[in-house]
Amino acid sequence: MRWSRWVYLLVAAVLLAACSGGSGAPTGTLTPAAASAGAPTAAVPAGLVPAGLTVPAGLGAAPLDAPREALVPPGWSVSVFARVPSARLAVWAPDGALLVSVPEEGRIVRLAPDGRGTATGTELLRGLNQPHGMTFAGATLYVAQSDRVDAYPYADGRAGAPRPVVTGLPDAKSPDLRGRYAHALKSVTVGPDGAVYVSVGSTGNISADDLTADPPRASILRVPPGGGAPEPFAVGVRNGTGLAIAPDGSVWTAVNNRDDIPYPFDRPYGETSGSARGEVIEEYVRNHPAEALARLTPGRNLGWPYCNPDADVEPGVAGSAQDLTDVPFTRDVETNPDGAALDCAALPPVEQALPGHSAPLGLAFVDGGLPGDFARGALVGVHGSWNASPPRAPEVSFFPWRDGGLGPQQTLVGGFQGTDGSRWGRPVAAVAGPDGAVYVTDDEAGAVYRVAPSWR
Numbered sequence: 285m286r287w288s289r290w291v292y293l294l295v296a297a298v299l300l301a302a303c304s305g306g307s308g309a310p311t312g313t314l315t316p317a318a319a320s321a322g323a324p325t326a327a328v329p330a331g332l333v334p335a336g337l338t339v340p341a342g343l344g345a346a347p348l349d350a351p352r353e354a355l356v357p358p359g360w361s362v363s364v365f366a367r368v369p370s371a372r373l374a375v376w377a378p379d380g381a382l383l384v385s386v387p388e389e390g391r392i393v394r395l396a397p398d399g400r401g402t403a404t405g406t407e408l409l410r411g412l413n414q415p416h417g418m419t420f421a422g423a424t425l426y427v428a429q430s431d432r433v434d435a436y437p438y439a440d441g442r443a444g445a446p447r448p449v450v451t452g453l454p455d456a457k458s459p460d461l462r463g464r465y466a467h468a469l470k471s472v473t474v475g476p477d478g479a480v481y482v483s484v485g486s487t488g489n490i491s492a493d494d495l496t497a498d499p500p501r502a503s504i505l506r507v508p509p510g511g512g513a514p515e516p517f518a519v520g521v522r523n524g525t526g527l528a529i530a531p532d533g534s535v536w537t538a539v540n541n542r543d544d545i546p547y548p549f550d551r552p553y554g555e556t557s558g559s560a561r562g563e564v565i566e567e568y569v570r571n572h573p574a575e576a577l578a579r580l581t582p583g584r585n586l587g588w589p590y591c592n593p594d595a596d597v598e599p600g601v602a603g604s605a606q607d608l609t610d611v612p613f614t615r616d617v618e619t620n621p622d623g624a625a626l627d628c629a630a631l632p633p634v635e636q637a638l639p640g641h642s643a644p645l646g647l648a649f650v651d652g653g654l655p656g657d658f659a660r661g662a663l664v665g666v667h668g669s670w671n672a673s674p675p676r677a678p679e680v681s682f683f684p685w686r687d688g689g690l691g692p693q694q695t696l697v698g699g700f701q702g703t704d705g706s707r708w709g710r711p712v713a714a715v716a717g718p719d720g721a722v723y724v725t726d727d728e729a730g731a732v733y734r735v736a737p738s739w740r
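Every letter in the sequence shown is one number past the one before it in my numbering, and letter 77, counting from 1, is 361.
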């Protein structure tokens, strides 16, 4: 038993080291092998080790009724904090409770830590319209529903009467959409000046009419401090579910980009003969476009649906390594073949990105409280692909905060996907708790995990 465990750990360490850029690739760069591999999604820190998931009594319903392992930094532990079916985004309340949104059930759940590493759950709000993103500004709780944002006074573990911040946001019930809305869930954050930012996803994959709708979709809207009509703050944001304020007060978003992207270059691809331009090629689709993690400024355009972040070191070359830092844009051959719709070369590069079809969802910043290299930076819940082959693995990613920006992607928590592509969980959001642990929501397993460093 001891020998087999030692071998298992050695093999795991070797595999992780192989994904860490140790082959000479720059940090934040995917080698050709990594770009086409199954489970790895990023430059994984070589020090991650397997840790068995601790499941307290009464919290072992499927799929956590079988032994599960995650990959975490040495000395860290991972346990089930609570079971919340279809758990999505999360935020810490001023009273030390963790609030979790459940859009499918129209509820916000309040999880009060019980001092034993688990929580007592109660219903904070119910009867809402797909509540998703939440944030606090002082003692005021902001909740983004699919059609509105409201502000609630919060005290003594209860939410008071809501105050509308913005109403009439587009969702599947909007008359002009007639039920056609693929990205109705919205996120919200509040800037240091009191301005409210809300993500409004696109109707579909390449629905360009979203950009001229009123209010615009595929955008981040800004409500001025003190209230008023929302205005576009950033556009061309296909589905910016990740939305948060960085330590310097800037607004950042993590974006789910388009599917089934046709090959945009007038040349052969791989072993094909003749031009592959306009063809939907599975190998190319899997790695393109990159999923943006971008700092937003007034009027910034993230390209969709006319320009796609292209992380290839050799654009258009099969098997090219990918550099996921300062990612430029390539024209979308389906919507912008001659560049007339948008000049992609004029768009500022994306600060950081995740590999294609990673599906980043929750975004939260850490500004102290976690140990070592994780003390300051961004936590991203990576949901994993839904249609890529082989599939992108779910994980919790970390991007270190450096000089007013973010460094390359690292994996903080992995191991949710096996080498055969099977999964036992899919993280949605990760937030640092007041106790120095990271709390991760998982809508597939219906769980909230507590990932704690050894000194917590």
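A virtual CB, placed ideally from N, CA and C, is assigned to each residue, including glycine.
The residues Ala479, Tyr481, Glu515 and Phe517, in chain order, have a CB closer than 6 Å to that of Arg506 in the same chain once the five nearest residues on each side in sequence are set aside.
Within 10 angstroms of the beta-carbon of Glu598 lie fewer than 16 other beta-carbons, which makes it exposed. Its Cα nearest to that of Asp544, the residue Trp670 stands out among Ser503, Pro357, Trp670 and Ala513.
Fewer than three Cβ pairs drawn from the region 622–630 and the region 679–699 lie within less than 8 Å of each other, which leaves the two stretches out of contact.
DSSP, reduced to helix, strand and coil, places Leu495 within a helical segment of the structure shown. Contact annotation, Arg394 with Ala374: C-beta distance approximately 11 Å; criterion of less than 8 Å not satisfied. Here the alpha carbon of Pro552 sits roughly 37 Å from the alpha carbon of Gly583. When the Cα atoms are used, Gly417 and Ala346 turn out to be separated by approximately 27 Å. Around the beta carbon of Ser503, 16 or more other beta carbons sit within 10 angstroms, so the residue counts as buried. Excluding residues up to 5 positions away in sequence, Ala602 lie with their Cβ nearer than 6 Å to the Cβ of Gly554 in the same chain. For Ala346, the secondary structure class from DSSP, reduced to helix, strand or coil, is coil.
Under the DSSP assignment, Arg367 falls outside any alpha helix (DSSP H), being part of the beta strand (DSSP E) whose first and last residues are Ser361 to Arg367. With a minimum length of 3 residues, the unbroken runs of beta strand (DSSP E) contained wholly in the region 374–445 fall at 374–376, 382–386, 391–397, 403–409, 418–421, 424–428 and 433–439. For Arg570, the enclosing alpha helix (DSSP H) begins and ends at Glu566 to Asn571. As for any beta strand (DSSP E) of minimum length 3 sitting wholly inside the region 467–548, the runs are 472–474, 480–484, 503–507, 515–519, 526–529 and 535–538, ordered along the chain. Its chain contains Phe649, Asp651, Arg660 and Trp685 as the residues whose beta carbon lies nearer than 8 Å to that of Pro531, once the 5 sequence neighbours on both sides are disregarded; these appear in chain order.
Apart from the 5 residues on each side of it in sequence, Pro737 sits with its Cβ closer than 6 Å to the Cβ of Trp360 and Pro655 in its chain, given in chain order. Secondary structure of Asp651 (DSSP, three-state): strand. In the DSSP annotation of this structure, the continuous segment of the beta strand (DSSP E) that includes Tyr723 starts and ends at Val722 to Asp726. Secondary-structure assignment with DSSP links Cys591 through a beta bridge to Arg615. Excluding residues up to 5 positions away in sequence, Tyr723 lie with their Cβ nearer than 6 Å to the Cβ of Gly717 in the same chain. Looking only at Leu332, Glu353 and Val368, the smallest Cα-Cα distance to Val712 is reached by Val368.
With respect to Val362, Ala403 sits apart: the two C-beta atoms are not nearer than 7 Å. The criterion of a C-beta distance shorter than 7 Å is satisfied by Pro692 and Thr609. Distances from the alpha-carbon of Ala423 to those of Asp379, Arg391, Asp434 and Gln414 put Asp379 closest.
Scanning Asp477, Ala731, Gln694 and Leu408 for the CA closest to the CA of Gly444 turns up Leu408. Taking one beta carbon from each stretch, the region 611–622 and the region 583–593 have 3 or more pairs nearer than 8 Å; the two touch.
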